[in-house]
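Residue numbers (our numbering): 1 to 410.
Here a beta-carbon is modelled for each residue, glycine too, at the ideal position from N, C-alpha and C.
These numbers come from a predicted model, not from an experiment.
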Amino acid sequence: MNNNIRLYPLFLAASNGHAWITVFFLYMSQNLSLDQVIQLSAVYYLSVFVLEVPSGYFSDRIGRRTTLMIAAGALVTSHCCFIIGGNYWWFAAGQFLLAAGIAMQSGTDTALHYDSLKALGRETEYAGREAKAEQWGLIMLAIATLSGGALGLIDLRLAYVFSLLSAIIMAVLVWRFVEPVHADETTALPQSFGSVVLSCLVKLREPLLGWIFLVVIVLYALAHIVYEFYQPYITLLQLPLLAASSYAPLISGVVISISMFGGAIGARASIAWQSKLGLIGVLAVAMLMQLGIVAAMAIAVSPLVLALVCARNFPMALVHAPVRAAIAPRIERGQRATYLSLQGLSERLFFALLLLGLASGLEKGAPIAESTLLGILTSTLWIGIGMAVALFIFAGRIQRVLKTSLQVES
């Protein structure tokens with residue numbers, strides 16, 4: 001178990017070597033039409049949607065190490081498909097395997113971390129260690145995206161070669177893990193997928209878990225609205241350097257890399273902020289930050305706002321470890337990965353529905369003009385404010401739950 005704890009930050013770093021993020025659209029566009037590229041994006045999101053919760057159940061039933069080995073294998077094979085590339089079906093296979101790898105890892109990695117600490121009676125260290133591991137993961141993601149952008153200036157495939165090497169290192173580290181075993185948590189595991197999912201949904205009736213579940217969904221949507229629209233926002237700035245297509249991979253890499261370094265700072269600060277502000281205070285600060293970024297983008301198209309856009313990962317990283325530390329001890333071992341996968345699925349589903357709702361108000365075929373983009377961002381801002389106010393009205397009750405329930409570091 002000590003080996004798991006020692007290797008976990010290295011594993012999380014290796015698993016975040018996603019250099020392809022900065023070039024995937026450009027790379028596929030070189031070989032395929034726009035409608036095919038959009039179809040392949042749908043393949044990815046649909047695959048994640050289908051696999052997210054079943055992968056958590058698989059992890060709870062079969063084991064953390066086995067699930068992570070499958071995740072690493074899927075990522076290695078995915079990157080090989082992209083490197084071969086050339087036609088639609090290679091890319092489709094790559095997208096499906098990429099989704100499978102990410103879905104299989106989602107929730108299982110942090111569940112293995114908590115399980116390993118619990119097996120040694122050191123679960124009180126989880127929040128601090130998870131924050132440190134998250135920090136290293138985001139630093140690696142920053143390095144990977146910057147490297148992917150630079151390598152893309154030479155050949156877009158090289159970003160996938162970088163990701164392939166990172167996934168191979170991930171597989172080696174997972175091979176060295178051992179499966180955490182807990183005598184007090186391995187009996188009476190639910191026997192069916194439906195019963196596990198139902199048990200997880202019942203958990204949401206607990207005030208603290210249900211409240212966290214909803215707050216994180218809203219935070220996720222606000223953060224991803226910024227990510228979804230930052231590229232057209234940059235285009236509307238019409239800065240000469242940013243408009244140079246030959247530098248597009250590097251520019252994208254720089255913007256994403258700065259964002260990830262900001263996330264690493266947030267992860268490092270998360271436990272200290274929680275100790276001063278408490279869990280609810282940290283979530284409130286993160287919500288205000290995300291709303292502030294969306295508000296700045298909605299007010300005007302300005303180069304000054306880019307600095308805030310680059311800070312979008314700070315709030316999410318700030319809440320990652322405190323939220324996981326609040327959830328983990330309240331969910332049984334046989335449901336932990338499934339619950340976290342259900343959280344991830346709900347975040348993506350809500351965001352997809354939000355995008356569909358925003359798109360329904362647009363004129364079909366209309367270009368992305370400044371007024372259109374600002375209208376989308378303004379609508380998102382008011383939706384976010386409304387949901388945030390509704391959620392934090394109940395913050396006092398949740399604070400009382402925190403004081404009387406299981407110990408959470410604050």
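- The three-state reading of DSSP puts Cys-200 in helix, counting H, G and I together.
- For Asp-155, no alpha helix (DSSP H) encloses it, and the DSSP letter there is neither H nor E.
- By the criterion of at least three beta-carbon pairs nearer than 8 Å, the segment 331-342 is in contact with the segment 53-69.
- The segment 36-124 is shown to contain whole alpha helix (DSSP H) runs of 4 or more residues at 64-84, 88-105, 108-119, in chain order.
- The three-state reading of DSSP puts Glu-347 in helix, counting H, G and I together.
- Counting every other CB atom within 10 Å of its CB across the protein chains shown gives Arg-205 a total below 16, marking it as exposed.
- Under the Cβ criterion (8 Å, minimum of three pairs), the segment 323-339 does not count as touching the segment 163-179.
- The alpha-carbon separation between Ile-154 and Ile-83 amounts to approximately 14 Å.
- Between Val-294 and Gly-384, the beta carbon gap of about 6 Å places them in contact (Cβ cut-off 8 Å).
- One alpha carbon belongs to Ala-388, the other to Tyr-44, and they sit about 30 Å apart.
- Cβ contact annotation for Leu-374 (same chain, cutoff 7 Å, sequence separation greater than five): Ala-298, in chain order.
- Annotation for Arg-268: Ala-131, Lys-132, Gln-135 place their beta carbon closer than 8 Å to its own, counting only its chain and skipping 5 residues before and after.
- Secondary structure note for Thr-378: its alpha helix (DSSP H) is the uninterrupted segment 370-392.
- Residue state for Phe-177 is assigned as coil, using DSSP reduced to three classes.
- In the structure shown, the three-state DSSP call for His-18 is coil.
- Annotated three-state conformation of Gly-137 is helix, per DSSP.
- Counting only residues of its own chain and dropping the five nearest sequence neighbours on each side, Gly-107 has a CB closer than 6 Å to the CB of Gly-56, Ala-337, Leu-340, Ser-341.
- Taken through DSSP and simplified to helix, strand or coil, Leu-306 comes out as helix.
- The segment 159-168 and the segment 7-19 touch, with no fewer than 3 CB-CB distances between them shorter than 8 Å.
- Under the Cβ criterion (8 Å, minimum of three pairs), the segment 82-97 does not count as touching the segment 139-148.
- Contact check for Leu-288 and Leu-381: beta-carbon distance about 12 Å, past the 8 Å limit, so the pair fails to qualify.
- In the structure shown, Arg-336 falls within a helical segment according to DSSP collapsed to helix, strand and coil.
- Nearest to Leu-51 by C-alpha distance, out of Asp-35, Arg-64, Ala-71, is Ala-71.
- Around the Cβ of Tyr-227, a 10 Å sphere holds fewer than 16 other Cβ atoms; the residue is exposed.
- Between the alpha carbons of Arg-400 and Pro-207 lies a distance of about 10 Å.
- When the alpha-carbon of Ala-99 is set against those of Gly-121, Thr-110, Val-76, the nearest one is in Val-76.
- Per DSSP, the unbroken alpha helix (DSSP H) holding Met-316 starts and ends at 313-327.
- Between the segment 274-286 and the segment 249-259, the count of Cβ pairs shorter than 8 Å is below three; the stretches do not touch.
- Nearest C-alpha to Arg-122 among Met-1, Val-202, Leu-214: Met-1.
- A distance below 7 Å between beta-carbons, with the five flanking residues on each side excluded, links Leu-237 to the following residues of its chain, in chain order: Val-301, Pro-303.
- Cα atoms of Arg-157 and Tyr-27: separation of roughly 7 Å, rounded to the nearest angstrom.
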